[in-house]
Amino acid sequence: MKRCYSTFKKPLNSNQLQLFSLESCKSMNQIKQTHAHLITTGLILHPITANKLLKVLIASSFGSLSYAHQLFDQIPKPDVFIYNTMIKAHAVIPTSSHNSMRIFLSMVRVSGFLPNRYTFVFVFKACGNGLGVLEGEQIRVHAIKIGLESNLFVTNAMIRMYANWGLVDEARRVFDWSLDQDLYSWNIMIGGYVGSGEIGRAKEMFDEMSERDVVSWTTIIAGYVQVGCFKEALDLFHEMLQTGPPPNEFTLASALAACANLVALDQGRWIHVYIDKSEIKMNERLLASLLDMYAKCGEIDFAAKVFHDEYGLKLKVWPWNAMIGGYAMHGKSKEAIDLFEQMKVEKVSPNKVTFVALLNACSHGKLVEEGRGYFKSMASSYGIEPEIEHYGCMVDLLGRSGLLKEAEETVFNMPMAPDATIWGALLGACRIHKDIERGQRIGKIIKELDSDHIGCHVLLANLYSASGQWDEAKAVRQKIEVSGRKKTPGCSSIELNGVFHQFLVGDRSHPQTKQLYLFLDEMTTKLKNAGYVPEFGEVLLDIDDEEDKETALSKHSEKLAIAFGLINTPPGTAIRIVKNLRVCADCHEATKFISKVYKREIIVRDRIRYHHFKDGFCSCKDYW
DNA sequence: TTAGGGTTAG
350 MKRCYSTFKK PLNSNQLQLF SLESCKSMNQ IKQTHAHLIT TGLILHPITA NKLLKVLIAS
410 SFGSLSYAHQ LFDQIPKPDV FIYNTMIKAH AVIPTSSHNS MRIFLSMVRV SGFLPNRYTF
470 VFVFKACGNG LGVLEGEQIR VHAIKIGLES NLFVTNAMIR MYANWGLVDE ARRVFDWSLD
530 QDLYSWNIMI GGYVGSGEIG RAKEMFDEMS ERDVVSWTTI IAGYVQVGCF KEALDLFHEM
590 LQTGPPPNEF TLASALAACA NLVALDQGRW IHVYIDKSEI KMNERLLASL LDMYAKCGEI
650 DFAAKVFHDE YGLKLKVWPW NAMIGGYAMH GKSKEAIDLF EQMKVEKVSP NKVTFVALLN
710 ACSHGKLVEE GRGYFKSMAS SYGIEPEIEH YGCMVDLLGR SGLLKEAEET VFNMPMAPDA
770 TIWGALLGAC RIHKDIERGQ RIGKIIKELD SDHIGCHVLL ANLYSASGQW DEAKAVRQKI
830 EVSGRKKTPG CSSIELNGVF HQFLVGDRSH PQTKQLYLFL DEMTTKLKNA GYVPEFGEVL
890 LDIDDEEDKE TALSKHSEKL AIAFGLINTP PGTAIRIVKN LRVCADCHEA TKFISKVYKR
950 EIIVRDRIRY HHFKDGFCSC KDYW
């Protein structure tokens, strides 16, 4: 406001006045009015004015790229600036990047301009953002001819382009050949390795850096989060706090993701306080990470409080998605649906992630009709075409609620090829409802596809053993072993005073092992006295002896972790466990009894959702 | 002298 006032006090010439009114445009209508005015006064012929109008159209939230493009087509003699502005605008939109190329070629061939270093930065961006290697190489030849290939900005854009294509070795070659590299070059390379899943090489480069800024740190921390090394990510975050630059909102979002996945509530809370105390600007993404952390640490009600307190960010879709996803995880389907309806009232447009969360909520609450309705509304009411993830949700929803035929039909009628997750959802449903015939049929398809998804084969083996067909189960297991692929071992962890303790099935590596197993024996007896009966259907090995079956069950990783929690925490405190796979029926039953017998709240997060055990009941109401 | 490169959900 102050600046506007002082600008008005100074006398302006008509040109300045036009530029000023352009920048203060608040709607498409105002832009159109100004545009008309620029035409009548002839000012539109001035390249700077035309470019300014283009920029407003491209950069403002209400502007439109197609209008900008129309304007661009009407400019009789666009200068290099205007060309570059248009190339850049199209470059950042993957579906539009071919337009960048078209404009570039027209600039060179029709107008006969020599591209400058800015031009190449934008065109390379477009190439890495939706165009192919052929186009990129073609542009590279142009750059070499003009002698701009060695310009640092251009080189960095090229490194980024190759990294985007997944050609990280070629990116590295450009990096190594480059005469000088700066912090950006290094950060782009590290980001490239991270994007290709090569966290080891990313870390090597990170360690070699003579100087690291906040982006270097954030990239490597986010990289560890991406590959599931949450502990390493958090360790690096602590190292950064001690020796590195102050974290920014990007860093904290990644650190929160690590806390969320480790169920490290104390550290997550610490970051929340850090955000409030420091100058970190809360944005919709950081808020979403914060809500996700609270939800994943079991504090869904507190997440809701934070969400409602941050009213200013309620116009963005990210926090809504985090909350709806959080409710879904906790099986609070009604709350998730209410929030989605509230979102409509607030006129926040949902995106595809919103529907994944919403359909998951329906799935966990067995809300078949609602799920069907929302799935249909995606395309008809919101213009969002369902993607494979949404079909996955539907297969899961239908299958788990027992509508196996409809679930199978959904898979066969999908507009895209089903992936391993889809087959897994269907097979999982067959297992829950003990539909051997269908399961075998699905299993055969999976075998034919020779899916790399090891989980599918394991599910098939489990389906056989759950129905007592030990020979078939053995055969599938042997095939898995022969193929040399490894089943992900069940692993549960618990945080105690900031230290994580991990347990595998039958783990004997923990220092407290002896005490732990003694406690487990005692615990099993107590549970049985309270009415607990082991569920042998979950014993996946061909064991004849009842007693041995029971021993196999009692060593499941979540039981070990819970026992460890019971031993090491004061009576009455909640125990938080995180498991990498789904919780098994027997552990689920046992944990209900533990919560009652030991008077503890036990919050277990499995691969898909939360189980909140209290007084002998679970929040999932035995439907998961 | 109106422009440039790197990092954040399911």
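In terms of this note's numbering, the first sequence opens at residue 350 and continues consecutively. Note that beta-carbon positions come from the ideal geometry of N, C-alpha and C, so glycine has one too.
Handout entry: Between the CA atoms of N762 and S726 - distance to the nearest angstrom
Key = 18 angstroms
Practice task
Compute the Euclidean distance between the alpha carbons of M692 and C742, then round it to the nearest angstrom.
Solution key: Between the alpha carbons of M692 and C742 lies a distance of about 21 angstroms.
Problem - DSSP state of V612 mapped onto helix, strand, coil - result: coil
Problem - Euclidean distance between Cα positions of S597 and I624 - result: Checking the displayed sequence, the identity of residue 597 turns out to be Asn instead of Ser. Going by the C-alpha atoms only, they are around 9 angstroms apart.
Exercise for the section: For M765, count neighbouring C-beta atoms within 10 Å of its own C-beta (all shown protein chains included) and say buried if the count is 16 or more, exposed if not. Expected result: Under a 10 Å Cβ-count criterion, M765 is classified as exposed, with fewer than 16 other Cβ atoms of the shown protein chains found around its own Cβ.
Handout entry: Contiguous alpha helix (DSSP H) assignments of at least 4 residues, all confined to the region 512-566
Key = List check, alpha helix (DSSP H) in window: 517-526, 532-544, 548-557.
Handout entry: Where the beta strand (DSSP E) containing L775 begins and where it ends
Key = From DSSP, L775 is part of no beta strand (DSSP E) but of the alpha helix (DSSP H) over 769-781.
Handout entry: Stretch-stretch touch, CB-based, cutoff 8 angstroms, three pairs: the region 817-829 with the region 844-852
Key = Flag = no, the region 817-829 and the region 844-852 do not touch.
Problem - DSSP beta-bridge partners of F852 - result: Note: F852 sits in a beta bridge opposite S841.
Exercise for the section: Check whether the Cβ atoms of A551 and I570 sit closer than 8 angstroms, and answer yes or no. Expected result: no
Handout entry: Check whether D562 and P594 have beta carbons under 8 angstroms apart
Key = yes
Handout entry: Three-way DSSP call (helix, strand, coil) for H679 in this model
Key = coil
Problem - Outcome for N505 when other beta-carbon atoms lying within 10 angstroms are tallied against a minimum of 16 - result: buried
Problem - Chain-order list of residues whose beta-carbon lies under 8 angstroms from that of R780 (same chain, five-residue window excluded) - result: G788, L808, N811, L812, A815
Problem - Cutoff 7 angstroms; reference V744; Cβ partners in own chain excluding five residues on either side - result: A756, T759, V760, I771, A774, L775
Practice task
Give the secondary structure of I951 by DSSP, where H, G and I count as helix, E and B as strand, and everything else as coil.
Solution key: strand
Exercise for the section: Pair every Cβ in the region 857-869 with every Cβ in the region 897-913, then say whether three or more of these pairs are closer than 8 angstroms. Expected result: yes
Practice task
Could you have a look at F962 and say whether DSSP puts it in helix, strand or coil?
Solution key: strand
Exercise for the section: Give every residue of the same chain whose Cβ lies closer than 6 angstroms to the Cβ of M435, excluding the five residues on either side of it in the sequence, and list them in chain order. Expected result: In the same chain as M435, and ignoring 5 residues on each side of it, the C-beta atoms closer than 6 angstroms to its own belong to F421, I452, in chain order.
Handout entry: Cβ-based burial, P919 [other Cβ within 10 Å; buried from 16]
Key = exposed
Handout entry: Span separating the alpha-carbon of L786 from that of V705
Key = In the sequence on display, residue 786 carries Glu and not Leu. Straight-line Cα distance between these residues: approximately 30 angstroms.
Exercise for the section: Look up L402 in the DSSP assignment and say whether it is helix, strand or coil. Expected result: helix
Handout entry: DSSP state of K928 mapped onto helix, strand, coil
Key = DSSP places K928 in strand when its eight states are reduced to three.
Problem - Chain-order list of residues whose beta-carbon lies under 7 angstroms from that of S355 (same chain, five-residue window excluded) - result: Caution applies to S355, whose pLDDT of 32 falls short of 50 and renders its modelled position unreliable; the value that the coordinates give is listed next. Excluding positions up to five away in sequence, the list is empty.
Handout entry: Length of the line joining the Cα atoms of L640 and G617
Key = 10 angstroms
Exercise for the section: Could you spell out the range, first to last residue, of the alpha helix (DSSP H) harbouring V753? Expected result: Contrary to the premise, residue 753 reads as Leu rather than Val in this sequence. Note, L753: alpha helix (DSSP H), 753-762.
Exercise for the section: List the endpoints of the continuous alpha helix (DSSP H) containing F411. Expected result: Element bounds for F411: n/a, residue is neither H nor E.
Exercise for the section: Return yes when the Cβ of P699 is within less than 8 angstroms of the Cβ of Y660, no when it is not. Expected result: No. Outside cutoff.
Problem - Per-residue DSSP class, three states only, for C476 - result: helix
Exercise for the section: Would you mind working out which of V543, S565, A602 sits nearest Q575, comparing C-alpha positions? Expected result: V543
Exercise for the section: Give me the Cα-Cα distance between H395 and V564, rounded to the nearest whole angstrom. Expected result: 39 angstroms
Practice task
Compute the beta-carbon to beta-carbon distance between L402 and L387, rounded to the nearest angstrom, for a pair I have assumed lies under 8 angstroms.
Solution key: Confirmed, Cβ separation roughly 7 angstroms.
Handout entry: Classification of H977 by the beta-carbon crowding that lies within 10 angstroms, buried from 16 upward
Key = No statement about residue 977 is possible, as the shown extent of the chain runs from 350 to 973 and does not include it.
Practice task
Could you tell me if F966 is buried or exposed, where buried requires 16 or more neighbouring beta carbons within 10 angstroms of its beta carbon?
Solution key: exposed
Exercise for the section: With A939 as the anchor, note down where its alpha helix (DSSP H) starts and where it stops. Expected result: 934-946
Problem - CB contact flag (S376, F411, <8 angstroms) - result: yes
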